[in-house]
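**Q** Quick one: the structure is below, questions incoming.
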Amino acid sequence: MSVPIRGPLAAALRLAAREPVALAAAFLAALIAEAMLTMQPLFLRAFIDQAQGGAAPKLLLYFPLFMLAAAGLAYLFDLIAVAIRFRLQRGLTRRLRELYVEFSDKPKPETTRFALRSGLTGLAQLALALSLDLLLVLARLSLILGGLGLGDPAAAWAAALVLALGAALSYATTARLGRLSRTRELLAERLGAEALAGRPGWRRTLDRGEMVADKRFGLLSINVLMSFLIFRVLPVAVLFWHVYGAGGTVGSLASAFLYLSMLRAPYQELVGLLQDNLVAFSESSVFAVELERGLKRHAATVAVPFGLIWERDTGPAGRPLSQALAEREVLDDMPPGAPGKLERLRALAERSRGASILLYSEDPAVRAFAHFVRRGGTIRTALSELA
Amino acid sequence: MRADPWLSRLLALWLGSFGGLLAFLYMLFLGWSFDGRSMYQLLIR
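Protein sequences appear in the order of chains A and B.
In this text, residue positions in the first sequence follow this note's numbering: the first is 423, and each later residue adds one.
In this text, residue positions in the second sequence follow this note's numbering: the first is 538, and each later residue adds one.
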């Protein structure tokens, strides 16, 4: 994990963890929905076997009734899980945007626009993906493989092995594809520069660009191959196994095929999660440094409920960080000796008795008014500050 | 994060649905039988 993203991701995960009941409810609801759906092939198998055994139609009616009840419960719990996840993501994105606008530096307009438009949403999604979605999709796959294993243990183990291989390969290829995309962009820029300047190396740049395109094609083909092996070859292998090996009823064969087809959606979801997370990782690094600094400032104002905190860690110069009349403020100082400076500091110190204020300053005059000093990330009382 | 009223409603719906799940499980294990076997026993053979 790159260093700049670690802080904001940890903060986003902490924010997500503030709703443990909702997270647990969403997780359990999704599991219950999956368990209800996973039971469908079992009912089907029992129905076919009883029908072949000559059971009365009145008895056979109960199987579709149970299937309908299970499907209804699956729909209800799935709806609840998705709705909770939507509300959690909405709240998390809102909070990250609030913290970013109020406490983060905004040196480049395009970075700010990107962060507020989609970057922070991606970070919120990443946090929820790591705390909820990934666990859910692994639980779903385990349930389906468990259901498959009840009728056909060998097929379940084979499917689990192939799925794990496919997911690992997909993650590796996506990471590699990301690096290749950046290389391709750099090469395109270099080609443009060489063409404009008339430098001789442009043919070599063209060759390298084509090599990168070939590698991309190869990597994308690996993903397609894994999909083919899991969802085409494996079911046929199960057929061969039944004919030449395990035997088994028509019902168990039908339910095995149904389980293998049910694996497709969660597997594609897992691959999609891994790919999206990698994209969100690299996108978040664009604004991660500013966001992390903003989160630390927010933490500083929250750590001290009342008082004027003199910020001694030099930050980037620029416009004031906050012009809002919020309960907690972060302010740039006026230049030393500016008219009305001491009155302003006095007013700030007075106002900080109601709520904490973080003040950036290199003016020694602040010492007389500050209650706390923040240096190297830690807050101490102003008495400990050397003259 | 501010308290979300919709989360409370969804949690209430979750509890209600859980009651339905318990009723389903009762029928699966105890409430119905054929030849002395419950539906669960028919499923796992």
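Backbone N, C-alpha and C define an ideal beta-carbon position, used for all residues, glycine too.
State the start and end residues of the unbroken alpha helix (DSSP H) segment that holds A/T534.
**A** Here residue 534 of chain A is taken as the residue at index 112 of the first sequence, counted from 1. Per DSSP, A/T534 belongs to the alpha helix (DSSP H) from 531 to 536.
**Q** When you compare each of A/L431, A/Y484, A/F449, A/A576 to A/T543 by their alpha carbons, which one comes out closest?
**A** As a first step, residue 543 of chain A must be located in the first sequence, where it is residue number 121. Ranking A/L431, A/Y484, A/F449, A/A576 by Cα distance to A/T543 puts A/L431 first.
**Q** For A/Y497, is the classification buried or exposed, using 16 other Cβ atoms within 10 angstroms of its Cβ as the cut-off for buried?
**A** Here residue 497 of chain A refers to the residue found at position 75 of the first sequence. Its Cβ having fewer than 16 others within 10 Å, A/Y497 is exposed.
**Q** Roughly how many whole angstroms lie between the Cα atoms of B/L552 and A/L450?
**A** Along the second sequence, read from residue 1 onward, the residue named residue 552 of chain B stands at position 15. Along the first sequence, read from residue 1 onward, the residue named residue 450 of chain A stands at position 28. Cα-Cα distance, rounded: 11 Å.
**Q** Can you tell which of A/W732, A/I779, A/D785 has the C-alpha that lies nearest to the C-alpha of A/P758?
**A** On the first sequence, position 336 is the one that residue 758 of chain A refers to. Nearest option by C-alpha distance: A/D785.
**Q** What is the rounded straight-line gap between the Cα of B/L547 and the Cα of A/P727?
**A** The count along the second sequence starts at 1 and reaches residue 547 of chain B at position 10. The count along the first sequence starts at 1 and reaches residue 727 of chain A at position 305. Taking the straight line joining both Cα atoms gives about 34 Å.
**Q** Can you confirm whether B/S575, when its beta carbon is compared against all beta carbons of chain A, has any partner nearer than 8 Å?
**A** Here residue 575 of chain B is taken as the residue at index 38 of the second sequence, counted from 1. B/S575 does not count as touching chain A.
**Q** Thinking C-alpha only, which one of A/G799, A/L730, A/G762, A/R796 is nearest A/A777?
**A** Indexing the first sequence from 1 puts residue 777 of chain A at position 355. Looking at the Cα atoms, A/L730 is the closest of the given residues.
**Q** Between the alpha carbons of A/L780 and A/R802, how many angstroms are there, rounded?
**A** Taking the first sequence and counting its residues from 1, one reaches residue 780 of chain A at position 358. Taking the first sequence and counting its residues from 1, one reaches residue 802 of chain A at position 380. C-alpha separation (whole angstroms): 13 Å.
**Q** Thinking C-beta only, is A/A457 closer than 8 Å to A/L565?
**A** Position 143 of the first sequence, counting from 1, holds the residue named residue 565 of chain A. Position 35 of the first sequence, counting from 1, holds the residue named residue 457 of chain A. Yes.
**Q** Using DSSP bridges, identify the partner residues of A/V584.
**A** As a first step, residue 584 of chain A must be located in the first sequence, where it is residue number 162. According to DSSP, A/V584 bridges with nothing at all.
**Q** Let me know the secondary structure DSSP gives A/R604 once reduced to three states.
**A** Here the question's residue 604 of chain A lines up with position 182 in the first sequence. Of the three classes helix, strand and coil, the one that applies to A/R604 here is helix, per DSSP.
**Q** Since A/W732 is in the beta strand (DSSP E), which residue starts that stretch and which ends it?
**A** For the purposes of this step, residue 732 of chain A is taken as residue 310 along the first sequence, with counting starting at 1. 730 to 733 is the span of the beta strand (DSSP E), which, as asked, contains A/W732.
**Q** Taking DSSP as the reference, what is the three-state secondary structure of A/T595?
**A** Locating residue 595 of chain A in the first sequence gives position 173, where the first residue counts as 1. Correct three-state label for A/T595: helix.
**Q** Can you look up A/T671 in the DSSP assignment and give me helix, strand or coil?
**A** Stepping through the first sequence from its first residue, residue 671 of chain A is reached at position 249. If DSSP states are grouped into helix, strand and coil, A/T671 belongs with coil.
**Q** Name the two residues that bound the continuous alpha helix (DSSP H) containing A/R509.
**A** Mapped onto the first sequence, residue 509 of chain A falls at position 87. Counting along the chain, the alpha helix (DSSP H) containing A/R509 begins and ends at 484 to 525.
**Q** Taking the C-alpha atoms as reference points, what is the distance between A/T605 and A/L545?
**A** Sequence index remark: in the first sequence, residue 605 of chain A carries index 183 (1-based). Sequence index remark: in the first sequence, residue 545 of chain A carries index 123 (1-based). For A/T605 and A/L545, the distance between alpha carbons rounds to 24 Å.
**Q** What do you get for A/F465, buried or exposed, if any count of 16 or more other CB atoms within 10 angstroms of its CB means buried?
**A** In the first sequence, residue 465 of chain A corresponds to position 43, counting from 1. Buried, since its Cβ has 16 or more Cβ neighbours within 10 Å.
**Q** Just mark A/A748 as buried or exposed, buried being the case when its beta carbon has 16 or more other beta carbons within 10 Å.
**A** Taking the first sequence and counting its residues from 1, one reaches residue 748 of chain A at position 326. Interpretation of A/A748 is limited by its pLDDT of 40, a score under 50 that renders its predicted location unreliable; no figure is taken from the coordinates.
**Q** Measuring CA to CA, which of A/R630, A/D471, A/T596, A/V658 is closest to A/L608?
**A** Here residue 608 of chain A is taken as the residue at index 186 of the first sequence, counted from 1. The option with the nearest alpha carbon to A/L608 is A/R630.
**Q** For A/I801, which residues does DSSP report across the bridge?
**A** Taking the first sequence and counting its residues from 1, the one referred to as residue 801 of chain A is at position 379. For A/I801, which the question treats as bridged, DSSP gives the partners A/R796.
**Q** Just verifying my parser: in three-state terms, what is the DSSP assignment at A/F679?
**A** For this step, residue 679 of chain A is matched to residue 257 along the first sequence. Looking at A/F679 - three-state DSSP - the assignment turns out to be helix.
**Q** Beta carbon of A/M648, beta carbon of A/L613: below 8 Å?
**A** Within the first sequence, residue 648 of chain A is the residue found at index 226, counting from 1. Within the first sequence, residue 613 of chain A is the residue found at index 191, counting from 1. No, the Cβ-Cβ distance between A/M648 and A/L613 is not below 8 Å.
**Q** Report the option in A/A722, A/R775, A/M756, A/A760 whose CA atom is closest to the CA atom of A/G798.
**A** Translated into positions along the first sequence, residue 798 of chain A becomes position 376. Measuring from the Cα of A/G798, the nearest candidate turns out to be A/A722.
**Q** What in chain B is Cβ-close to A/Y484, meaning under 9 Å?
**A** Locating residue 484 of chain A in the first sequence gives position 62, counting from the first residue. Those are W569, F571, M576, listed as they occur along chain B.
**Q** So which residues of chain B does A/R509 contact, with C-beta pairs closer than 9 Å?
**A** One-based indexing of the first sequence puts residue 509 of chain A at position 87. Here the neighbours are D541, W543, L544, L547.
**Q** Applying the 10 Å Cβ sphere with the 16-neighbour rule, what's the burial state of A/R750?
**A** Translated into positions along the first sequence, residue 750 of chain A becomes position 328. At A/R750 the pLDDT is 44, less than 50, meaning the model places this residue with poor confidence; the figure from the coordinates comes in the next sentence. With 16 or more other Cβ atoms within 10 Å, it is buried.
**Q** B/L559 to A/L567, Cα distance in whole Å?
**A** To locate residue 559 of chain B, count along the second sequence from 1; it is residue 22. To locate residue 567 of chain A, count along the first sequence from 1; it is residue 145. Between B/L559 and A/L567, the C-alpha separation is close to 24 Å.
**Q** What does A/F728 touch in chain B if you count any residue whose Cβ is under 7 Å from its own?
**A** On the first sequence, position 306 is the one that residue 728 of chain A refers to. None at all; the shortest Cβ gap to chain B is about 23 Å.
**Q** Looking at A/P688 and A/R562, is the spacing between their C-beta atoms short of 8 Å?
**A** Numbered from 1 along the first sequence, position 140 holds the residue referred to as residue 562 of chain A. Numbered from 1 along the first sequence, position 266 holds the residue referred to as residue 688 of chain A. Against a cut-off of 8 Å, the Cβ pair of A/P688 and A/R562 comes out as a contact.
**Q** Taking three-plus beta-carbon pairs below 8 Å as touching, is the segment 519 to 533 of chain A in contact with the segment 563 to 578 of chain B?
**A** No, the segment 519 to 533 of chain A does not touch the segment 563 to 578 of chain B.
**Q** Could you please tell me which residues of the segment 495 to 507 of chain A, in chain order, have their CB closer than 7 Å to any CB of chain B?
**A** The residues in question are L495, L498, F499, I502, A505, I506.
**Q** Who are B/R574's beta bridge partners in DSSP?
**A** Along the second sequence, read from residue 1 onward, the residue named residue 574 of chain B stands at position 37. Answer by DSSP bridge pairing, in chain order: B/F571.
**Q** Grouping DSSP H, G and I as helix and E and B as strand, with all else coil, what is A/G759?
**A** Residue 759 of chain A sits at position 337 when you count from the first residue of the first sequence. Coil, per DSSP.
**Q** Please confirm whether A/A492 has its beta-carbon closer than 8 Å to some beta-carbon of chain B.
**A** In the first sequence, the residue the question calls residue 492 of chain A occupies position 70. Closer than 8 Å: yes.
**Q** Once the 5 residues before and after A/L538 are set aside, which same chain residues still bring their CB inside 8 Å of it?
**A** Here the question's residue 538 of chain A lines up with position 116 in the first sequence. Excluding positions up to five away in sequence, the list reads R519, Y522, V523.
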